[in-house]
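Numbering (the working numbering), first residue to last: 44 to 231.
What follows is a single structure, written as structure tokens, with notes after it.
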Amino acid sequence: KQEQDMVVSLLVTAAKSERQPLCRLAAIESLGHFQDPRATEGLKDAFYAADNFASETTTIIRCQCLTALGETKNPGAVDLLVKIVREPTALGSEQERQQQLDLRIAAARALGNFNQPQGVEALVGHGESRREVHPASDDLDVARRFAGGGPGQRGVELAERGDFRRDPAPAPPGGGQGAIGPGGESVV
44 KQEQDMVVSL LVTAAKSERQ PLCRLAAIES LGHFQDPRAT EGLKDAFYAA DNFASETTTI
104 IRCQCLTALG ETKNPGAVDL LVKIVREPTA LGSEQERQQQ LDLRIAAARA LGNFNQPQGV
164 EALVGHGESR REVHPASDDL DVARRFAGGG PGQRGVELAE RGDFRRDPAP APPGGGQGAI
224 GPGGESVV
């Protein structure tokens, strides 16, 4: 326990304040392997502390933070991930818009590690607002992983129908339980 406390503390510090981007990235990646709530909070702090690098490097570091937050599978990460997915499209340069898109994609993929209704709603809305940028299959792949046959399954079914605003059809027998295979087939 004491050794883990020390390791997490060192990694959190490096993730937030290491001057070398590669060292910071390594610390962030390592924090993603900890289920410790301090790792999750450290990753959130590192996300916001990345702005002292060039914009491309900042985006890479922030994307790694979002990926690592997903890998922790700590529910405390969902709020930030949902916030990033739901951010309105940037009005800046093409590069700024692409960087924001990269963050949104990383956050959506990270949400695929959680099975919470808030995340499903964000993913379904994310698919609707970005349909012109990325094909629906990208969003559906994330939603399928996200659902894992749990409560999020309903969100996947709505996304597959392209129905992002309402749920007119009743849930399938068994309440939509079961998993979706790699080819989209139902696996019970």
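Where is the CB? At the ideal position from N, CA and C, for every residue including glycine.
Extent of the continuous alpha helix (DSSP H) to which residue i belongs
i	result
Ala89	Pro80 to Tyr91
Leu109	Ser98 to Thr115
Leu134	Run containing Leu134: none; DSSP gives neither H nor E here.
Beta-carbon contacts of residue i that lie in its chain and below 6 Å, excluding the five residues immediately before and after
i	result
Leu54	Ala70, Ser73 and Leu74
Gln47	none
Arg140	Ala133
Where residue i falls: helix, strand or coil (DSSP)
i	result
Gln141	helix
Pro64	helix
Asp210	Reliability of the predicted coordinates at Asp210 is poor, the pLDDT of 36 falling under 50, and the value obtained from them is presented with this limitation in mind. In this structure, Asp210 counts as coil in the three-state DSSP scheme.
Gly155	coil
Lys44	coil
Residue from the options with nearest C-alpha to residue i
i	options	result
Glu137	Gly119, Arg67 and Glu99	Glu99
Pro64	Ala93, Glu130, Leu154 and Thr115	Ala93
His106	Thr132, Leu86 and Gly119	The question names His, but residue 106 in the sequence shown is Cys. The shortest C-alpha separation from Cys106 is found at Leu86.
Gly119	Glu139, Arg129 and Phe157	Phe157
Leu146	Ala82, Asn95 and Thr101	Thr101
Ala149	Ala111, His76 and Arg140	Ala111
Ala82	Thr56, Ile103 and Ile104	Thr56
Ala151	Ala97, Tyr91, Glu130 and Lys44	Glu130
Beta-carbon proximity list for residue i, same chain, < 8 Å, skipping 5 on both sides
i	result
Glu61	Arg67 and Ala70
Pro80	Asn117 and Gly119
Cβ neighbours of residue i in the same chain (closer than 7 Å, five flanking residues each side left out)
i	result
Ala89	Ala58, Lys59, Ile71 and Cys108
Met49	none
Phe77	Val51 and Thr115
Gln142	Ser98 and Thr102
Asn95	none
Any chain C beta carbon closer than 9 Å to residue i
i	result
Glu84	The question asks about chain C, but that chain is absent: this structure has only one protein chain.
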